[in-house]
Amino acid sequence: MTRGEKMGNGESSHAPDGKGKRAILASGGSFNPIHSSHVEMMQTAKERIESEGYVVDSGYLVCAYDLHVQIKCKKAALPVETRIQLCEIAAQDAGHESWLFADGPEASATRYLRRKKEQKFRDEEVLLVCVIGEDLWRRIGSYNEDGFRTLIVPRPSVPDVFGRTLDNYPVEPFNLLPPSPHLSHCSSTLLRSYFQEGEEGGVRKAVKEGLISEGVGEVLIDKKYYKTLANTGGEYREGEEGEEKEEEEEEEEE
Numbered sequence: 094m095t096r097g098e099k100m101g102n103g104e105s106s107h108a109p110d111g112k113g114k115r116a117i118l119a120s121g122g123s124f125n126p127i128h129s130s131h132v133e134m135m136q137t138a139k140e141r142i143e144s145e146g147y148v149v150d151s152g153y154l155v156c157a158y159d160l161h162v163q164i165k166c167k168k169a170a171l172p173v174e175t176r177i178q179l180c181e182i183a184a185q186d187a188g189h190e191s192w193l194f195a196d197g198p199e200a201s202a203t204r205y206l207r208r209k210k211e212q213k214f215r216d217e218e219v220l221l222v223c224v225i226g227e228d229l230w231r232r233i234g235s236y237n238e239d240g241f242r243t244l245i246v247p248r249p250s251v252p253d254v255f256g257r258t259l260d261n262y263p264v265e266p267f268n269l270l271p272p273s274p275h276l277s278h279c280s281s282t283l284l285r286s287y288f289q290e291g292e293e294g295g296v297r298k299a300v301k302e303g304l305i306s307e308g309v310g311e312v313l314i315d316k317k318y319y320k321t322l323a324n325t326g327g328e329y330r331e332g333e334e335g336e337e338k339e340e341e342e343e344e345e346e347e
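Residues 94 to 347 in the working numbering are what the sequence shown spells out, letter by letter.
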């Protein structure tokens, strides 16, 4: 269980035609670091599911294993405990602490959702919702097993390609609207480049532009985490590429 999270009461909320049933949302990723678009996409996903009559019990930002992030970001990788802490702060700053939590490490959001459902609502029919970005969806596809839904957040820079690709999938997923225009360009990669400009030019600028919350910015400055995130050096360690490939294959099997 994550901090601040409550166990379900076990009472069934099943109703004919699916309305009134519970739903659990999860988005997996590096979150190195968390930014405002991550939180906003979860809120958008919640609103989408609730508009269909479901009751969203909880949502989770599921942080990837350190090894995965180290391969991806080299020396600019924060440890999972720090990434979880920053995700929690971002959710609190957005006023979503009652339903949006952070957890990890985990390689697969689908695996995480299955485990969370068993922990909270073992004997209840619950909709499990994977919220993923278009880049990950292109790599692993949608997960359309009974009881699962995939919600895709498109990259605004490639809407036509995204639309043509979706035409090849006759079964749902749904295409979520992208976050608000002033955040649609945001990415963790962009933030790491900002942080190379230091505390004033980088972190405070990101807060001022709404790319990260004030609470996240304060911790990045206080703990000097922005210096780690700005680190562009480092090499892969021998054997890491193979381990990352195995991790991706596990995710594809989900």
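Ideal Cβ placement from N, Cα and C applies to all residues, glycine included.
Buried or exposed by the 16-neighbour rule on C-beta atoms within 10 Å, applied to residue i
| i | result |
| --- | --- |
| glycine 113 | exposed |
| arginine 285 | buried |
| glutamate 143 | exposed |
| histidine 278 | exposed |
| lysine 301 | exposed |
| arginine 215 | exposed |
| serine 306 | buried |
Pairwise C-alpha distance: residue j and residue i
| i | j | result |
| --- | --- | --- |
| threonine 243 | isoleucine 117 | 12 Å |
| glycine 34 | proline 198 | Any property of residue 34 remains undetermined from this structure, which presents the chain solely from 94 to 347. |
| serine 130 | valine 149 | 20 Å |
| isoleucine 182 | isoleucine 164 | 25 Å |
| isoleucine 225 | phenylalanine 241 | 13 Å |
| phenylalanine 124 | glutamate 290 | 20 Å |
| valine 254 | cysteine 223 | For valine 254, the pLDDT reaches just 43, beneath the cut-off of 50, and the residue's location in the model is therefore unreliable, although a value from the coordinates is still provided. So the two alpha carbons sit approximately 22 Å from each other. |
| tyrosine 318 | glycine 152 | 26 Å |
| aspartate 315 | tyrosine 158 | 24 Å |
| alanine 193 | glutamine 178 | Position check: residue 193 holds leucine in this sequence, whereas alanine was assumed. Those two C-alpha atoms are separated by around 13 Å. |
| glutamate 334 | valine 162 | Note that glutamate 334 scores 38 on pLDDT, short of 50, meaning its location in the model is unreliable; the coordinates nonetheless yield the value given after this. Approximately 12 Å, taken between the alpha carbons. |
| glycine 188 | cysteine 180 | 13 Å |
| alanine 299 | arginine 176 | 17 Å |
| arginine 115 | glutamate 292 | 43 Å |
| arginine 141 | leucine 221 | 14 Å |
| serine 191 | glutamine 136 | 12 Å |
| alanine 184 | glutamate 217 | 27 Å |
| cysteine 166 | glycine 294 | 21 Å |
C-beta contact flag for residue i and residue j at 7 Å
| i | j | result |
| --- | --- | --- |
| valine 296 | glycine 310 | yes |
| valine 312 | methionine 134 | no |
| glycine 324 | lysine 213 | Looking at the sequence shown, residue 324 is not glycine but asparagine. No, Cβ-Cβ distance for asparagine 324 and lysine 213 is not below 7 Å. |
| alanine 138 | leucine 206 | no |
| lysine 209 | valine 219 | no |
Of the listed residues the options, nearest to residue i (C-alpha basis)
| i | options | result |
| --- | --- | --- |
| glycine 303 | Gly121, Val132, Asn125 and Ala119 | Val132 |
| leucine 160 | Val300, His189, Ala184 and Gly122 | Gly122 |
| lysine 173 | Arg215, Arg208 and Ala195 | Rather than lysine, the amino acid found at residue 173 in this sequence is valine. The option with the nearest alpha carbon to valine 173 is Ala195. |
| threonine 282 | Ala170, Ser120 and Thr137 | Ala170 |
| serine 280 | Arg115, Ala119 and Pro126 | Pro126 |
| alanine 200 | Gly294, Leu154 and Lys210 | Leu154 |
| threonine 50 | Arg141, Tyr287, Val219 and Lys298 | This structure leaves residue 50 out entirely; the chain is present only between 94 and 347. |
| aspartate 186 | Glu292, Leu221, Gly294 and His128 | His128 |
| cysteine 156 | Gly188, Gln136 and Thr203 | Thr203 |
Residue i beta carbon near the ligand NAD (any heavy atom closer than 6 Å)
| i | result |
| --- | --- |
| leucine 118 | Because no ligand of any kind appears in the structure shown, any question about the ligand NAD cannot be addressed here. |
- Item | Minimum length 3: unbroken beta strand (DSSP E) runs contained in the stretch 117-160 | 148-156
- Message: Extract the residue ranges of the alpha helix (DSSP H) inside the stretch 199-223, only unbroken runs of 4 or more that lie entirely within it.
- Response: 202-213
- Hey, which unbroken runs of the alpha helix (DSSP H) at 4 residues or more fall wholly within the stretch 284-330? 298-301, 307-315 and 318-322
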